[in-house]
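Let me begin by presenting the structure, written as structure tokens, before commenting on it.
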Amino acid sequence: MTAEASATIASVKGLVVALQAVRTTLKLPCAVTFDPAGLKLRYLDGAHAMQSGISLSASVFSQFHAPTPLTIFVPLSVLLESIATVASSMPQELHFQYPGPDSTLLLTTTEDTRGRTCICSYAKVATLAAQDMSALDEMWDPQDECSQAILSGLLLREAIEDFEWTGGEVEFVMRRNPTRFSLQSIKQQSLEISFPAHVLDGFSCHEEEVRASYKYKHLKAAFTNVAQKEPWSTKVCISSRGVLKVTHMLTLAGGGLVPMEAPALLGTFTSQGSAQRTCVVQFVIMAHDEAAEQAFPEDEPA
Amino acid sequence: MKFKATLSDRGLRVLEKGFLPTLEKLGKRCQLLLGPEDVHLIQSPADTDGLQVTARLANVVLFEEEGFKCQSRYENQIAFSVDITLLLKVLRSAVGHDADALEMKLAMRSLPCAAPGAAAPQQRPTLAFSWRGHNVTMVQELPISQPYSQRDVEDLARHKDVTTLSPFYLDLQDEVLRIQALTDKLKGMGSELVMATTRHGDLHLQVHTSGVDFGTEIRGLAVLPSSAAEGLQPLQGDTPEERLEEAAAAGESASVVLLQKHLAKALHSSQLTQPAQLLCGIAEREAHVHMMFVYRDPFSDGGYDDNISLSYKLPVREDSLYGPE
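Protein chains in written order, with the numbering used here: chain A, 775 to 1076; chain B, 38 to 362.
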């Protein structure tokens, strides 16, 4: 018996906005994993210098069925485009199902049929042969010591966008005493942006000073595509080996989630409510390293 | 050949706000066919990128009754072509100045700077507009093409509209905004799409590419004439594809392949004229797609206006990539 999975989500518009965070025009293979915890998309960029992923916990879905963990591979841009297209008629619910006909990933929309007219759309996304995804797990080692900062994602996005004209790479600097988190460009142009201590919602540093630099191209992909209008918070971690991990905590807006019954305490109610709608977007970026770049030549879009 | 008329307020409004901006989205020039009863604005496939567009406006909508004159040797019909942007400019400046009594007539204008070597001053046909607004009196002459010869006028009159109706039509107006949103997204997926209509009131749009099969079904649209939907058994299929197959097997559907950009343009441009119904039908033998726009009569409740109409003919691909459906 082949493994099967299905999921239904009501906040379709929220999903489309959240997926903007990982938008790309590259036809990268993307691993779609259904497991009892939720739905995950993960992919690795062509140069093997960045891995990205988005995970939606099972609770954001109105129906979620994945008895055994299941991973399939589809071209990322095709998947994102298909979701955006079926969602463009603003359906009530979006339904994922695997396997669909010819072992495709089947996306369908449903709508209240009581109206006079209704729109049903479907997309059958052809799946790719299974790929080796071991590379997806080895870049970030949870055993490593790391330094981290939590702050507004919007603020970080604006800062990264300001580095566009400097070209090349951007260096992240974190210092323990006095607390300091700044970004600077070191190549042809010099620009330094420091975040004052009061905008940092969390900060820790595993050494007196941590410095690591990353390619602007990757930082742009990781920080600047989030399309959410409401403020969101972003965690930046740098491991002792210089690997950068960026985590955006997004909120899935809209859609009819079932309201929780009989809230005991207002405080717990709100926090649980928002936890339910959270969507986690994660990027792991290797430190910029000339030697590694030669080993894996860049796959630029055609 | 004589043409003289005064544009009414309503005439100015429907042209300036509705029909000319619509035609402007589809092509640069349009052909005018003036007659004693009505005016046709026509864009042939050569004027657009493949669509045949015809707007018919009765003279009672456009012009004041007084002083109207349209005479020619060809059954009092006159035809020529104009640049839409220039014509719109003239009308917009008239609207901007609250023009009173906008008079238009055909005139020949002699150009003082004739081509070198020419003996007589050159004569150029123009459509002259004159109006009075606040503190300003304006006379504008819009250059037009040479008036058409008898044969060309007859040709244009003969081909001015789709004469045979499709077996049945679906009214898309209720869902036009969502269909527009869908076609906008579909444009990114491929240049062609399959369109199918069923007598059950369903419109299907499908795109097939190597990586993805996409389809959408818009159910519950009004079917015209209503006799086309009489005596049908409801479709039993669970998915859009099954339902379409079922309708196709029973001979209750029609399907064509057309260019995405044609459909998107037709849907987008039409809304400027605020139609009450947008009827979309596939012609006999899947020869073309016919869209007809029906307007409400502003002077009566619930009635449709026979004095205004707009129709598009969308070409279809005959040697379809997808083979016969």
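In this text, a Cβ means the ideal position worked out from N, Cα and C, and glycines have one as well. These figures come from a predicted structure and were not determined experimentally.
Strand pairing of residue i, partner residues [DSSP]
i        : result
M38(B)   : M38(B) is not bridged to any residue.
S836(A)  : Answer by DSSP bridge pairing: none, since S836(A) is not bridged.
L818(A)  : Q825(A)
E867(A)  : T884(A)
F1057(A) : S826(A), V1020(A)
M329(B)  : L316(B), S348(B)
P162(B)  : M145(B)
G170(B)  : V173(B)
L844(A)  : F808(A)
G64(B)   : According to DSSP, which records beta bridges pairwise, G64(B) is partnered with nothing at all.
D342(B)  : Y332(B)
P873(A)  : The partner list for P873(A) (beta bridge, DSSP) is empty, contrary to what the question assumes.
D239(B)  : BP columns for D239(B) are empty, so no partner.
Proximal chain C residues relative to residue i, where beta-carbon distance stays under 9 Å
i       : result
E778(A) : Annotation note: the requested chain C is absent from the structure, which comprises protein chains A and B.
Minimum C-alpha distance to residue i - residue among the options
i        : options                               : result
E982(A)  : V947(A), K1009(A), C1011(A)           : V947(A)
R949(A)  : G942(A), R931(A), S968(A)             : S968(A)
H1022(A) : H992(A), V1055(A), T998(A)            : V1055(A)
D363(B)  : G318(B), E102(B), V190(B), R169(B)    : Missing from the structure shown is residue 363(B); chain B here goes from 38 to 362 and no further.
L802(A)  : L902(A), T1052(A), V1017(A)           : L902(A)
H972(A)  : G820(A), G812(A), V984(A), L925(A)    : L925(A)
V29(B)   : V90(B), E103(B), E101(B), F166(B)     : For residue 29(B) there is no data in the structure shown, the boundaries of chain B being 38 and 362.
L1024(A) : S1007(A), S1013(A), G1016(A)          : S1007(A)
L179(B)  : R146(B), V90(B), V199(B), D343(B)     : R146(B)
F997(A)  : S921(A), E935(A), F870(A)             : E935(A)
K961(A)  : A792(A), G942(A), P875(A), H992(A)    : G942(A)
P204(B)  : P184(B), A303(B), Q187(B), A320(B)    : A320(B)
E191(B)  : S292(B), A284(B), A42(B), Y111(B)     : Y111(B)
N999(A)  : G889(A), V786(A), A792(A)             : A792(A)
S918(A)  : G1016(A), L1026(A), T1052(A), F808(A) : Here the sequence assigns Asp to residue 918(A), which means Ser is not the residue at that position. With distances taken between Cα atoms, D918(A) lies closest to G1016(A).
V173(B)  : Y349(B), A116(B), D137(B), S264(B)    : D137(B)
L296(B)  : L125(B), A218(B), D86(B)              : D86(B)
G820(A)  : H992(A), P1005(A), F808(A), V1010(A)  : H992(A)
Residues near residue i in its chain [Cβ-Cβ closer than 8 Å; skip 5 each side]
i        : result
V860(A)  : L868, L881, T882, T883, S895, Y896, A897
E24(B)   : Look at the range of chain B in this structure, 38 to 362, and you will see that residue 24(B) is not part of it.
T1044(A) : Per-residue confidence for T1044(A) stands at a pLDDT of 43, beneath the threshold of 50, marking its modelled position as unreliable; no derived number is given.
A805(A)  : K814, L815, R816, Y817, T845, I846, F847, Q905, M907, L910
A313(B)  : Q210, V331, Y332, R333, Y341
I893(A)  : S863, P865, T883, E885
N113(B)  : G72, P73, C107
P810(A)  : A832, A840, P841, P843
L214(B)  : none
E30(B)   : With chain B running from 38 to 362 in the structure shown, residue 30(B) is simply not present.
Proximal residues to residue i (C-beta, below 6 Å), its chain only, five neighbours per side dropped
i        : result
P1033(A) : Per-residue confidence for P1033(A) stands at a pLDDT of 42, beneath the threshold of 50, marking its modelled position as unreliable; the derived number appears in the next sentence. If we look at P1033(A) and ignore the five residues flanking it on each side, it has no Cβ neighbours.
S959(A)  : F937, T940, V944, L965
I255(B)  : E212, L240
V1058(A) : Q825, M913, W914, K1019
F977(A)  : A923, T953
S1048(A) : Residue placement at S1048(A) cannot be trusted, given a pLDDT of 46 that sits under 50; what the coordinates show is reported in the next sentence. Answer for S1048(A): no residue qualifies.
T59(B)   : S306, L309, T310
D84(B)   : G64, R66
V984(A)  : S921, M948, I1012
A131(B)  : L139, W168
Q160(B)  : M145, S147
L830(A)  : G812, L813, C1053
S1014(A) : D918, E919
Contact set for residue i: own chain, Cβ-Cβ below 7 Å, skip 5 residues either direction
i       : result
F835(A) : A781, T782, I783
L99(B)  : L44, S45, G48, V76
D364(B) : A query on residue 364(B) cannot be resolved here, the shown segment of chain B reaching from 38 to 362 and no further.
L52(B)  : L128
L854(A) : L793, R797
G827(A) : K814, L815, R816, Q1056
S851(A) : T798, T799, L800, K801
*Listed from N- to C-terminal order along the chain, which residues in the segment 781-805 of chain A have their beta-carbon within a distance smaller than 7 Å of any beta-carbon of chain B?*
If you check each beta-carbon in the segment 781-805 of chain A against every beta-carbon of chain B, none falls closer than 7 Å.
*Just by C-beta distance, which residues in the segment 244-268 of chain B are closer than 7 Å to chain A?*
G248, V249, D250, F251, G252, T253, E254, I255, R256, G257, L258
_Interfacial residues, the segment 296-307 of chain B to chain A, with Cβ spacing under 8 Å_ = none
*Starting from the N-terminal side, write out each stretch of the beta strand (DSSP E) that is 3 residues or longer and does not extend beyond the segment 105-142 of chain B.*
106-108, 115-120
*Would you mind listing the beta strand (DSSP E) stretches within the segment 178-231 of chain B that are 3+ residues and don't spill past its ends, in chain order?*
206-208
*Where in the segment 66-105 of chain B do unbroken runs of the alpha helix (DSSP H), each at least 4 residues long, occur, reported from the N-terminal end onward?*
96-99
*Would you list, in sequence order, the uninterrupted alpha helix (DSSP H) runs of no fewer than 4 residues that lie entirely inside the segment 955-1018 of chain A?*
990-997
*Between the segment 891-907 of chain A and chain B, which residues of the former have CB atoms less than 8 Å from a CB of the latter, in chain order?*
T891, C892, I893, C894, S895, Y896, A897, K898, V899, A900
*Between the segment 847-859 of chain A and chain B, which residues of the former have CB atoms less than 7 Å from a CB of the latter, in chain order?*
Those residues of the segment 847-859 of chain A placed with their C-beta closer than 7 Å to a C-beta in chain B are P849, V852, E855, S856, A858, T859, ordered along the chain.
*Using a Cβ-Cβ cut-off of less than 7 Å, list which residues of the segment 860-876 of chain A approach chain B; keep chain order.*
S862, S863, M864
*Which residues, in order along the segment 320-339 of chain B, keep a beta-carbon less than 9 Å from a beta-carbon of chain A?*
Listed by position, the residues of the segment 320-339 of chain B near chain A (Cβ gap below 9 Å) amount to none.
*asked:* Restricting to runs no shorter than 4 residues, where is the alpha helix (DSSP H) found entirely within the segment 274-305 of chain B?
replied: 277-286
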